[in-house]
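Read left to right, the sequence shown gives residues 4 to 640 (my numbering).
Written out below as structure tokens is the structure these notes cover.
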Amino acid sequence: MHAPIRMPGHWFDELAAGGGSVEAIGFLAQGERSRRLLLIGELLARLEERPALLGPADLGAIWGTVERAEARKPGSAEELLTGPQVGSWLAHTLRRLHGAAAGPPLWVDAGHLAAVALVAALRAGTDTDLVVPAREGAVSLPALGLARLPGAPLLGFQPVHARVREGKLHLAPTARGTGATALSLRPLTAPPSAVWWPTHRLPVRRGGPEVALDDTDPYRDLDRPIPPHRLTPRELAIWKRLFTEAVALLDTSPVPAPAPGSDATSDSGGTGPGTETDTRPGAETDTRPGTLRPEEIRRIVPWPGRLPNGPVEGLSASTADAFGSMVVAEPPNAAALAETMVHEFQHSKLGALLHLFAMLDDDRTEEHYAPWRPDPRHLPGLLHGAYAFVGVAGFWRDRIGDRAADPLDLAPFRFALRRIQTRTVLRTLATRAALTGPGRRLVGGLTRTVDGWLREPVDGPAVARARAAAAGHRAEWRLRHLRCADEECAGLAAAVRSGTPLPPIRPPRLLPAAERTQWQDVRGALYLRPDAGDARDVMGATDPATDGAPDTAPLHADVLLVHGEAASAREAYREQGAATPGDPHLLAGWLLAHTALHPGHRRLLARPERFAAAVEGEGPEVWERAAQRLAAPEAPA
Numbered sequence: 004m005h006a007p008i009r010m011p012g013h014w015f016d017e018l019a020a021g022g023g024s025v026e027a028i029g030f031l032a033q034g035e036r037s038r039r040l041l042l043i044g045e046l047l048a049r050l051e052e053r054p055a056l057l058g059p060a061d062l063g064a065i066w067g068t069v070e071r072a073e074a075r076k077p078g079s080a081e082e083l084l085t086g087p088q089v090g091s092w093l094a095h096t097l098r099r100l101h102g103a104a105a106g107p108p109l110w111v112d113a114g115h116l117a118a119v120a121l122v123a124a125l126r127a128g129t130d131t132d133l134v135v136p137a138r139e140g141a142v143s144l145p146a147l148g149l150a151r152l153p154g155a156p157l158l159g160f161q162p163v164h165a166r167v168r169e170g171k172l173h174l175a176p177t178a179r180g181t182g183a184t185a186l187s188l189r190p191l192t193a194p195p196s197a198v199w200w201p202t203h204r205l206p207v208r209r210g211g212p213e214v215a216l217d218d219t220d221p222y223r224d225l226d227r228p229i230p231p232h233r234l235t236p237r238e239l240a241i242w243k244r245l246f247t248e249a250v251a252l253l254d255t256s257p258v259p260a261p262a263p264g265s266d267a268t269s270d271s272g273g274t275g276p277g278t279e280t281d282t283r284p285g286a287e288t289d290t291r292p293g294t295l296r297p298e299e300i301r302r303i304v305p306w307p308g309r310l311p312n313g314p315v316e317g318l319s320a321s322t323a324d325a326f327g328s329m330v331v332a333e334p335p336n337a338a339a340l341a342e343t344m345v346h347e348f349q350h351s352k353l354g355a356l357l358h359l360f361a362m363l364d365d366d367r368t369e370e371h372y373a374p375w376r377p378d379p380r381h382l383p384g385l386l387h388g389a390y391a392f393v394g395v396a397g398f399w400r401d402r403i404g405d406r407a408a409d410p411l412d413l414a415p416f417r418f419a420l421r422r423i424q425t426r427t428v429l430r431t432l433a434t435r436a437a438l439t440g441p442g443r444r445l446v447g448g449l450t451r452t453v454d455g456w457l458r459e460p461v462d463g464p465a466v467a468r469a470r471a472a473a474a475g476h477r478a479e480w481r482l483r484h485l486r487c488a489d490e491e492c493a494g495l496a497a498a499v500r501s502g503t504p505l506p507p508i509r510p511p512r513l514l515p516a517a518e519r520t521q522w523q524d525v526r527g528a529l530y531l532r533p534d535a536g537d538a539r540d541v542m543g544a545t546d547p548a549t550d551g552a553p554d555t556a557p558l559h560a561d562v563l564l565v566h567g568e569a570a571s572a573r574e575a576y577r578e579q580g581a582a583t584p585g586d587p588h589l590l591a592g593w594l595l596a597h598t599a600l601h602p603g604h605r606r607l608l609a610r611p612e613r614f615a616a617a618v619e620g621e622g623p624e625v626w627e628r629a630a631q632r633l634a635a636p637e638a639p640a
């Protein structure tokens with residue numbers, strides 16, 4: 004029997020604080036290895052029960068190839084099986100078998116196991132003969148690249164004969180008369196060509212580890228298989244330059260790897276980790292949130308394409324199925340790439356933790372406020388967001404004063420904004436989520452980190468802008484997604500019109516998903532760089548996919564507000580409100596300007612939907628009277 008996986012308490016606490024030592028991250032990787040091997044066992048069992056799922060391929064030949072490769076070169080096949088390329092494919096295929104995903108003919112997804120076996124044989128130097136699936140005449144070799152049969156392209160999905168002899172791969176079509184011809188090459192050493200697209204490599208340091216830059220693997224996206232999207236030479240050069248510069252920002256000083264075979268001492272399956280304290284020299288330095296050892300990243304996938312409403316700058320994503328992998332849109336600079344790498348690896352860490360510990364019990368109802376998104380989120384999404392943005396806040400905290408990394412001196416604002424926003428979400432998790440013991444310990448660790456940061460002095464104007472940006476996003480989010488109860492709306496309108504007592508505050512109702520509209524926080528983007536004057540110049544830093552999307556140009560009132568001209572901004576919002584009554588952006592802006600002029604009225608920002616209900620159907624001329632009434636001393640706080 005296998006011993007249970009047990010995690011030392013101080014490693015859990017390092018991760019719960021938002022950071023993690025080499026040893027703690029290594030433990031997560033070992034946990035992912037165990038999970039991956041269990042999932043492979045499940046797949047093999049299902050394929051043994053239903054061998055027809057593999058189509059023309061033979062499971063015995065495939066798995067025998069993997070076993071011979073591992074016997075010839077111990078660790079090589081296991082390294083491949085536990086890599087992100089196999090993880091994404093394996094999760095997708097198991098979802099197919101459970102009827103929870105769609106894709107190509109099932110034999111193509113299941114038969115990709117033969118391509119995994121081919122790579123194992125090539126790396127170990129063993130021989131094999133297999134049948135592998137081809138997509139449009141191309142055979143994907145996980146972690147190695149894409150081989151294209153020359154001649155007329157095969158259409159759709161076709162089985163291909165594959166033979167490996169002494170490191171040389173020979174591919175030949177099974178059907179005759181297609182015009183496609185055989186291909187022979189050595190994938191481990193062959194240079195790029197029209198028929199061989201090797202996986203790009205990004206060296207972390209000369210002669211050291213490398214990160215795959217994968218633009219060909221069909222399973223490199225979050226779930227559904229996608230076609231290859233080869234980078235142009237110019238795009239590849241940009242990625243290499245940005246990655247090299249990002250690594251320099253992240254400080255790639257070598258750190259000793261954890262001792263092989265090190266075991267754990269705290270139960271990870273029931274009551275949660277223990278309470279040991281890490282007293283190792285230098286532990287604080289290499290475990291602080293926001294740090295990242297780039298060699299812990301296994302793969303970067305360039306975002307394959309564009310969104311319907313604009314470019315994808317600033318977008319990134321990851322999946323718990325592929326530890327250490329991330330999909331990233333081409334960033335504008337090295338600092339943006341480094342920040343994204345930190346952000347997405349935080350998701351990888353938390354995903355691995357969630358595979359070991361149940362953190363909360365939730366029905367995934369999307370109803371909660373997330374300061375970094377325009378839409379409501381469920382509580383697991385809030386937990387992931389809080390964990391990711393603790394890393395982002397820590398990253399920018401370390402960049403404060405570093406003009407080489409931050410020439411525009413934006414780090415103080417970014418740090419101040421993310422610590423405020425993350426603390427808001429942690430408060431929601433602590434009060435609204437049904438947390439388990441490990442979940443409480445995780446949220447508590449993150450809270451202690453952020454509370455410590457909130458006590459740190461930061462440039463005053465940057466903090467003021469961060470608070471304004473956070474308040475503005477929250478106010479507009481509530482105006483767009485929440486409505487007062489019907490009886491409360493009637494009472495609010497009557498109180499403003501005739502001076503009747505204000506109705507008691509009732510829980511607001513969430514607007515149905517069908518009635519919500521997409522929006523971008525154009526005003527919030529201006530707070531990052533008030534001197535830019537146009538949110539489209541800076542939106543990529545805070546809210547992606549805006550260029551070319553509707554309503555992304557800031558109003559003149561927004562510029563006035565961000566520049567501190569609250570009185571002029573309030574008047575400008577009022578004038579615009581006469582033309583577009585009920586606009587959430589205008590109502591939120593007017594409230595921000597009004598409360599800047601009347602700090603005692605800031606309670607209006609707590610529930611701006613009450614203000615919207617009170618002035619619904621009325622012109623802007625009643626806005627100030629409504630604000631005075633709702634913020635009066637007798638009004639409920």
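For each residue, glycine too, the CB sits at the ideal point set by N, CA and C.
Here residue 615 is buried: its Cβ has 16 or more other Cβ atoms, across all protein chains shown, within 10 Å. Contact between the segment 52-63 and the segment 112-125 is present: three or more C-beta pairs spanning the two stretches fall below 8 Å. An exposed status is given to residue 45, since fewer than 16 other beta-carbon atoms sit within 10 Å of its beta-carbon. Remark: fewer than three beta-carbon pairs, one from each stretch, lie closer than 8 Å, so the segment 62-75 and the segment 7-19 are not flagged as touching.
In this structure, the beta-carbon distance from residue 434 to residue 453 does not fall below 8 Å. Judged by beta-carbon spacing, residue 396 lies beyond the 8 Å limit of residue 527, meaning their Cβ atoms are not closer than that value. A Cβ-Cβ distance of about 13 Å is found for the pair residue 35 and residue 348, leaving them out of contact under the 8 Å criterion. In the displayed model, residue 526 falls within a helix according to three-state DSSP. Residue 291 and residue 409 have their C-alpha atoms some 20 Å from each other. Runs of the alpha helix (DSSP H) lying entirely within the segment 434-496 and spanning at least 4 residues, in chain order: 440-457, 463-484. Each of 228, 562, 141 was checked against the Cα of residue 197, and the nearest Cα belongs to 141.
In this structure, DSSP gives residue 65 a helical state, which the three-state scheme calls helix. For residue 229, there is no enclosing beta strand (DSSP E), as DSSP gives it neither H nor E. Across the structure, residue 486 and residue 244 are spaced so that their CA atoms are roughly 49 Å apart. Considering only 475, 501, 561, 503, the residue with the shortest C-alpha distance to residue 609 is 475. The beta-carbon distance between residue 428 and residue 373, rounded to whole angstroms, is 7 Å. This is short enough to meet the 8 Å contact definition.
DSSP, reduced to helix, strand and coil, places residue 500 within a helical segment of the structure shown. Taking 8 Å as the cut-off, the beta carbon of residue 143 is found closer than this to the beta carbon of residue 219. The beta-carbon distance between residue 343 and residue 334, rounded to whole angstroms, is 6 Å. This is short enough to meet the 8 Å contact definition. With a 10 Å radius around the Cβ and a threshold of 16 neighbouring Cβ atoms, residue 524 comes out buried. Distance from the Cα of residue 599 is smallest, within the candidate group 519, 564, 584, for 564. The beta carbons of residue 137 and residue 131 sit about 17 Å from each other, so the pair does not count as a contact at 8 Å. The beta carbons of residue 207 and residue 250 sit about 6 Å from each other, so the pair counts as a contact at 8 Å. A straight line joining the alpha-carbon of residue 109 with that of residue 102 spans about 11 Å.
Residue 133 and residue 165 do touch by the CB rule: their CB atoms are close to 5 Å apart, below 8 Å. DSSP, read as helix, strand or coil, puts residue 175 in strand.
Between residue 413 and residue 341, the gap from beta carbon to beta carbon reaches 8 Å or more.
Per the coordinates, the alpha-carbon of residue 55 lies some 14 Å from the alpha-carbon of residue 135. With 16 or more neighbouring CB atoms inside 10 Å of its own CB, residue 415 falls in the buried class. Rounded to whole angstroms, the separation of the alpha carbons of residue 446 and residue 468 is 27 Å. When only Cα atoms are considered, residue 317 and residue 465 end up about 22 Å apart. For residue 154, the three-state secondary structure derived from DSSP is strand.
Shown here for residue 183: same chain residues with a beta carbon closer than 8 Å to its own, the five before and five after excluded, namely 140, 152, 153, 154, 155, 156, 157, 176 in chain order. Bridge pairing for residue 213: 206 [DSSP].
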